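Going down the list, the protein sequences come from chains B and P. Here the working numbering is used: the first residue of the first sequence is 1, the next is one more, and so on. Here the working numbering is used: the first residue of the second sequence is 1001, the next is one more, and so on. Yeah, the Cβ is synthetic: ideal placement off N, Cα and C, and Gly gets one too. The structure displayed is predicted, hence computed values, not measured ones.
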Amino acid sequence: MRFGKKPSRWVLLGLGLVSVGMMFSPAGYTDDFRQLVLWVLCPFHGAGSRVALHLRTRFDQITGTTRDSQDERLRALEHQILLMRQLIDYQRRQIGTLTKWSKNLTGFPCRLLPARVLANQVSPFYNRRSLTYSSRKVLTGDMVTTRTVVLEPNSPAKDEIFVLGRNYLVGRIVHSQAHMATLQLVNDPHFRMPALLWRMVKPGQKRTIYVPLSKGGLAKRTFSHSGKTPAPEPIGQPCPVEARGDGKQIVLKHVPASHEIRPGDVLTSDSTAGLLPIGLAIGQVCKVEREKQDAHFVTVFVKPLADLSRLQDVYIIVPPTRVMD
Amino acid sequence: MRWLFFILISLSAVIFQNTVCQLLWFRTPVGWVGPDVLAAVAVFFALFSRTVTDAAINGWVLGFLLDLTITQPAPPMGLLPLIYAGASIGIFHIRGAFFKERVLTQMVMSFLFCFIVYGLWMSWDLAIGRTGSLFDDAVQLLGFSIYTAIITPLVCKILVRFESRLFPVRSLFKKR
Chain B
1 MRFGKKPSRW VLLGLGLVSV GMMFSPAGYT DDFRQLVLWV LCPFHGAGSR
51 VALHLRTRFD QITGTTRDSQ DERLRALEHQ ILLMRQLIDY QRRQIGTLTK
101 WSKNLTGFPC RLLPARVLAN QVSPFYNRRS LTYSSRKVLT GDMVTTRTVV
151 LEPNSPAKDE IFVLGRNYLV GRIVHSQAHM ATLQLVNDPH FRMPALLWRM
201 VKPGQKRTIY VPLSKGGLAK RTFSHSGKTP APEPIGQPCP VEARGDGKQI
251 VLKHVPASHE IRPGDVLTSD STAGLLPIGL AIGQVCKVER EKQDAHFVTV
301 FVKPLADLSR LQDVYIIVPP TRVMD
Chain P
1001 MRWLFFILIS LSAVIFQNTV CQLLWFRTPV GWVGPDVLAA VAVFFALFSR
1051 TVTDAAINGW VLGFLLDLTI TQPAPPMGLL PLIYAGASIG IFHIRGAFFK
1101 ERVLTQMVMS FLFCFIVYGL WMSWDLAIGR TGSLFDDAVQ LLGFSIYTAI
1151 ITPLVCKILV RFESRLFPVR SLFKKR
């Protein structure tokens, strides 16, 4: 290739050299550059995301309504009314429970920063999202949730709060800069965090599990649902596990088979690990497989409770230590 | 080649890919599969560019834009533009053997382009031991390439309308 009379070839050579230079430059500089570009594209991405969300919602509405006939729609409405009544009853009961709990929920030190999903990952090989937020206090390692319940001034402080609030943990911040951050979703292959696996019992159901004794050893105990709420209730002590993403869902390896984990059990964050002061629900067990190497252990597959493909508004949890600062 | 017009098209493609294009993605047992609009645009420019240098620069710019919008973890910045430029040069050189206006040609070229680009990109992950399941990734790559190949004729059909503006016909009688 002759370069003499063709200036565009010199440009191409320059671009090639720039590429090679970028490949061997420190990751920090290139990351900064990426963040800067994302920040410039932010308004366009925001507008595009809104269009996409609107289109998806409209599409769902259209596909949902056109299929049903008049009678089916009427039946669906009646069913909906029945469900709404049940929901009202449930919420009344929950208000009562919450009022009792409110005494324990004062002084919650965490702060939630509202953030918005700017754009989905371009390449489908990883599960990451870019976020925009208004504060500069976000650091790498901060967790991200979907709901504001813990923001209420009279809220949280008990481990069992996940039963009340339905705050789904969706991931953690892996890269943060002024007004921009990268959210690593819970199903990302690189996601790791200590978590607790709660065995649940549904209304009208009994479940027998092995409970560790104070002297040592295990004892068989049967638990039943209290019947106070229609929601499943946790029983026994939770099993500490390490939650890992595998690209599609969350995988918990080497869980002792004696815990008898079943589909429907709930995975929450570990409040004792120091990352979060409360347990936030992450996902629900969808499959349990016995490990081939050792039959005493099982591999548990957990489906995230939040719809990660439609994440729009999220909340970054600023840990208590930094709120104090 | 009108570069300003090309930059505008590239930026629109990046924003489209990041937002509205997400509606076209679907979940499979091996992970998410969706089309790469930027690869389709790169194939169009590789097929219709006047010179090989133009095709390579187009590929490099599109790869660079894609690289900029990837959040961590990703192979080091700069690898994707190089592969895009290389693949564009390859497509430019073999396009003479086909009728570039034909839908099948565009689909095959796009499939090859995606397979080479993302295959090499994944190989980097494999080389540094970061990939999870090789089989899953390979199947995902195949689905990704096929999906992109399907949408490429549509992208080409849209971009062909701007062909005269992107690649103005040179006058045979140059003014002296």
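Under DSSP, the beta-bridge partners assigned to B:Pro114 are B:Tyr315. Proximity of B:Leu41 to chain P, defined by a Cβ-Cβ separation below 9 Å, is satisfied. Interface residue (Cβ-Cβ distance to chain P less than 9 Å): B:Thr30 is classified as such. Taking the beta carbon of P:Ile1150 as reference, no residue of chain B falls within 9 Å; the closest one sits roughly 15 Å away.
At a Cβ-Cβ threshold of 9 Å, P:Thr1053 and B:Arg9 count as neighbours. If you check the CB distance, P:Ala1149 and P:Met1107 come in under 9 Å. Your pair B:Tyr168 and B:Ala306 checks out as a contact, with CB atoms roughly 4 Å apart and the cut at 8 Å. Within chain B, the residues placing a beta-carbon under 8 Å from that of P:Val1020 are Gly48, Val51, Ala52, Leu55, ordered along the chain. Contacts with chain B at 9 Å (Cβ-Cβ) do not include P:Ala1046. For P:Phe1016, the three-state secondary structure derived from DSSP is helix.
Put simply, the backbone Cα of B:Ile235 is about 37 Å away from that of B:His175.
In the DSSP assignment, B:Val211 is bridged to B:Ala219. The way I'd put it, the segment 45-57 of chain B doesn't touch the segment 1087-1102 of chain P; fewer than three beta-carbon pairs between them come closer than 8 Å.
According to DSSP, residue pairing for B:Gln284 in a beta bridge involves B:Val266, B:Lys303. Between the segment 1079-1088 of chain P and the segment 1052-1069 of chain P there are three or more inter-stretch CB-CB distances shorter than 8 Å, so the stretches are counted as touching. In the three-state DSSP reduction, P:Leu1126 falls in the helix class (H, G or I).
Assignment of B:His175 by DSSP, reduced to helix, strand and coil, places it in the strand class.
For B:Lys303 and P:Ser1145, the gap between their C-alpha atoms comes out near 27 Å. The Cβ neighbour count for P:Arg1165, taken over all protein chains shown within 10 Å, is under 16; the residue is labelled exposed. Chain-ordered listing is empty here: chain P has no CB closer than 9 Å to the CB of B:Phe191, the nearest sitting near 11 Å. Note on geometry: alpha-carbon atoms of B:Pro240 and P:Cys1021 lie some 39 Å from one another.
Look at the beta carbons and you see the segment 187-197 of chain B not touching the segment 217-226 of chain B: under three pairs across the two are nearer than 8 Å. Taking C-beta atoms as the reference points, P:Asp1125 and P:Val1030 fail to come closer than 9 Å. Between P:Trp1025 and B:Arg56, the alpha-carbon positions lie close to 12 Å from each other.
Residues of chain P with a Cβ closer than 8 Å to the Cβ of B:Val37 are, in chain order, Leu1068, Thr1069.
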